[in-house]
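These protein sequence lines are chains A and B, in that order. Going by full-length UniProt numbering, the first sequence opens with residue 1, and the numbers climb by one from there. Going by full-length UniProt numbering, the second sequence opens with residue 1, and the numbers climb by one from there. Glycine included, each C-beta is placed from N, C-alpha and C at the ideal position. Every value quoted in this text rests on a predicted model; they were computed, and no experiment measured them. Have a look at the structure below before the remarks.
There are 2 protein chains.
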Amino acid sequence: MLFEITDPDDPRLELYRDVKDRDLTGRQGLFMAEGKVVLERLFTSPVAETVSVLTTPERLGGLASLPDAPVYMVPQGVMDQVAGFPIHRGYLALGRYAPKQSLAERVSGTTARVLALHGIANTDNMGGLMRNAAAFGVDGVLLDTTCCDPLYRKAIRVSVGGALEVPHYRTDDMVGTLTGLGLTAYALSPSGAVTLEEVTPAPRTAVLFGAEGPGLPAALMAACQTVRIDMHGGFDSLNVATTSGIVLYRFRL
Amino acid sequence: MLFEITDPDDPRLELYRDVKDRDLTGRQGLFMAEGKVVLERLFTSPVAETVSVLTTPERLGGLASLPDAPVYMVPQGVMDQVAGFPIHRGYLALGRYAPKQSLAERVSGTTARVLALHGIANTDNMGGLMRNAAAFGVDGVLLDTTCCDPLYRKAIRVSVGGALEVPHYRTDDMVGTLTGLGLTAYALSPSGAVTLEEVTPAPRTAVLFGAEGPGLPAALMAACQTVRIDMHGGFDSLNVATTSGIVLYRFRL
Chain A
1 MLFEITDPDD PRLELYRDVK DRDLTGRQGL FMAEGKVVLE RLFTSPVAET VSVLTTPERL
61 GGLASLPDAP VYMVPQGVMD QVAGFPIHRG YLALGRYAPK QSLAERVSGT TARVLALHGI
121 ANTDNMGGLM RNAAAFGVDG VLLDTTCCDP LYRKAIRVSV GGALEVPHYR TDDMVGTLTG
181 LGLTAYALSP SGAVTLEEVT PAPRTAVLFG AEGPGLPAAL MAACQTVRID MHGGFDSLNV
241 ATTSGIVLYR FRL
Chain B
1 MLFEITDPDD PRLELYRDVK DRDLTGRQGL FMAEGKVVLE RLFTSPVAET VSVLTTPERL
61 GGLASLPDAP VYMVPQGVMD QVAGFPIHRG YLALGRYAPK QSLAERVSGT TARVLALHGI
121 ANTDNMGGLM RNAAAFGVDG VLLDTTCCDP LYRKAIRVSV GGALEVPHYR TDDMVGTLTG
181 LGLTAYALSP SGAVTLEEVT PAPRTAVLFG AEGPGLPAAL MAACQTVRID MHGGFDSLNV
241 ATTSGIVLYR FRL
């Protein structure tokens with residue numbers, strides 16, 4: 001469904017207006033995606049559907065496929081004007097988050113890998129974590145209530161669309177949820193009781209990460225096997241996304 | 001050597017003026033560091049010396065130690081005015097890069113780990129790479145001429161001072177330099193001939209990474225053992241800093 005639009009005030013462009021300042025996340029489950037690679041992931045996403053696409057006639061042919069949704073083609077100048085800043089990549093899309101399975105369904109097999117996150121408020125780190133979750137085939141991401149939304153535009157971009165590959169779920173009871181799912185939880189911390197190489201992960205495993213700086217609360221650590229990655233000299237911590245890459249690589253199925 | 005300064009036009013503050021727009025790197029080998037943790041790393045750095053420090057009287061006591069260099073104390077308002085933007089962290093320092101050993105000296109032992117970088121122009125990625133190099137005790141970082149400077153203010157900050165722990169060196173002949181040092185070079189690439197877990201690293205090893213997107217030139221790959229990290233489904237690449245974390249963790253001594 002292709003539509004050419006030249007009027008920047010066309011009401012069909014309403015949700016693309018001032019995307020820089022507008023936080024769509026949480027409103028009707030909508031989010032904004034940008035860039036060719038991310039849009040192509042959105043079109044085939046198992047956790048989201050495409051609401052509409054905004055691009056230019058020149059860029060249209062650059063997409064490997066088109067979704068079953070309205071595609072609005074506008075001149076580049078109209079695109080920039082509507083969005084409120086230059087959209088150099090030339091591609092925007094609205095998506096709606098709609099994972100088809102619950103976390104319990106996702107981890108119902110004999111093996112499972114869950115990425116559990118506590119207090120990750122930094123969108124760059126969230127994007128990096130979601131990218132690694134997708135790269136290493138994590139079954140689902142479990143977020144506490146203080147994590148930022150993986151569907152913030154910047155988090156999706158940093159994840160290179162990984163946030164649109166792996167389903168995520170919220171919980172206000174991290175330990176209860178992990179226990180209820182029968183997952184063995186490993187918490188990463190510089191003060192972990194054992195080193196990563198000493199761990200033979202259980203078949204059904206969750207790995208838990210906290211924010212750089214504050215780290216994980218003691219109560220959460222106490223409910224997990226705590227694991228550390230030894231570092232050189234006095235250097236005391238890795239970036240949380242990098243740490244997740246190391247752990248998910250080593251624990252991959 | 002403590003000096004209280006209240007005049008924003010004091011000439012001793014000259015090099016701190018408009019730090020946002022000024023690129024000190026390359027000028028007399030100077031660079032700008034910011035934040036308490038990074039400054040404390042600078043004061044004990046094996047690759048740099050402290051030229052001077054700029055902070056407020058209130059923040060001075062927050063530093064675990066002071067360097068053998070002038071420490072200028074100014075009111076917060078003067079600091080922001082001189083720097084040209086609010087210095088929320090309250091600490092700036094000028095450093096001079098001065099590694100005491102050549103790369104050949106650094107890798108003269110029976111074991112060695114060198115991080116070799118080609119075309120890393122993104123300061124965030126450079127910072128992440130330097131952070132990992134420090135965390136895993138790399139002996140030195142070898143940069144081709146197209147990499148950005150690890151001493152950009154933002155790269156130092158993202159590295160959490162790792163750029164002030166591990167010496168880096170430039171080369172216009174990457175293969176020749178690695179060969180001349182007698183290092184076995186492994187190049188990371190999604191098209192690598194073997195998987196990371198199949199590799200038993202040589203005692204004296206260099207690991208080579210290129211920029212996300214373009215990757216490594218074929219000529220460089222041909223001179224190395226090429227290594228890949230297998231990923232899930234169609235997800236085709238990890239962030240370069242994350243990848244370096246995985247490889248340096250696995251190859252650590």
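Local Cβ density within 10 Å of B:Val82, reported as buried at 16 or more and exposed below that: B:Val82 should be labelled buried.
Neighbourhood of B:His118 by C-beta, 8 Å cutoff - its chain only, sequence neighbours within 5 removed: Within the same chain, B:His118 has close Cβ partners Asp144, Thr146, Cys147, Met174, Leu208, Phe209, Gly210, Ala211, Leu216, Pro217, Leu220.
Listed by chain order, chain A residues near B:Gly137 by CB distance under 9 Å: For B:Gly137, the neighbours in chain A by C-beta distance under 9 Å run, in chain order, Met231, His232, Gly233, Phe235.
B:Gln225 versus B:Val138: straight-line alpha-carbon distance, rounded: B:Gln225 and B:Val138: Cα-Cα distance of roughly 19 Å.
Residue ranges of each alpha helix (DSSP H) within the UniProt domain "tRNA/rRNA methyltransferase SpoU type" (114 to 249) of chain B, 4 or longer: The qualifying runs are 123 to 135, 153 to 158, 174 to 180, 218 to 222.
Proximal residues, the region 124 to 157 of chain A versus chain B, C-beta separation under 7 Å: Across the region 124 to 157 of chain A, CB contacts with chain B closer than 7 Å involve Gly128, Arg131, Asn132, Ala134, Ala135, Phe136, Gly137, in sequence order along the chain.
C-beta neighbour in chain B for A:Ile87, strict 8 Å: By this cut-off, A:Ile87 is not an interface position.
C-alpha distance - B:Ser108 paired with B:Leu183, whole-angstrom precision: Rounded to the nearest whole angstrom, the CA to CA distance from B:Ser108 to B:Leu183 is 10 Å.
Cβ shell of B:Ala202 (< 6 Å), same chain only, five flanking positions each side left out: Counting only Cβ-Cβ distances below 6 Å, and skipping sequence neighbours, we find Thr184.
N- and C-terminal bounds of the beta strand (DSSP E) containing A:Glu34: 30 to 34 is the extent of the beta strand (DSSP E) around A:Glu34.
Neighbouring residues, chain B, relative to A:Leu226 (Cβ below 8 Å): A quick correction: the sequence has Thr, not Leu, at residue 226 of chain A. Against A:Thr226, chain B offers no close residue; the least beta-carbon distance is about 18 Å (beta-carbon pairs closer than 8 Å).
B:His232 and A:Ala241 closer than 8 Å at C-beta: Cβ atoms of B:His232 and A:Ala241: not closer than 8 Å.
Beta-carbon contacts of B:Ala64 that lie in its chain and below 6 Å, excluding the five residues immediately before and after: Closer than 6 Å at the Cβ level, and outside the excluded window around B:Ala64, lie Glu40.
Beta carbon proximity, B:Tyr186 to chain A, threshold 8 Å: Not one chain A Cβ lies under 8 Å of B:Tyr186.
8 Å Cβ cutoff met for B:Arg113 and B:Gly35: Taking 8 Å as the cut-off, the Cβ atoms of B:Arg113 and B:Gly35 do not count as close.
Within-8 Å CB hit, B:Leu115 to chain A: No, because no Cβ of chain A sits closer than 8 Å to the Cβ of B:Leu115.
For residue 257 of chain B: DSSP bridge partner residues: Residue 257 of chain B is absent from the structure shown; chain B starts at 1 and stops at 253.
Local Cβ density within 10 Å of B:Pro11, reported as buried at 16 or more and exposed below that: With fewer than 16 other Cβ atoms inside 10 Å of its own Cβ, B:Pro11 counts as exposed.
Where A:Leu66 sits in the DSSP three-state scheme: Coil at A:Leu66, not helix or strand.
Pair within 8 Å by beta-carbon distance, B:Thr111 and B:Leu142: Taking 8 Å as the Cβ cut-off, B:Thr111 and B:Leu142 do not qualify as a contacting pair.
Rounded separation between A:Met79 and B:Arg131 - CA only: For A:Met79 and B:Arg131, the distance between alpha carbons rounds to 39 Å.
Residues bridged to A:Leu103 (per DSSP): Beta-bridge annotation (DSSP): A:Leu103 is not paired with any residue.
Contact set between A:Leu42 and chain B, taken where Cβ atoms lie within less than 8 Å: Under the 8 Å cutoff, chain B gives no residues; its nearest Cβ is about 14 Å from A:Leu42.
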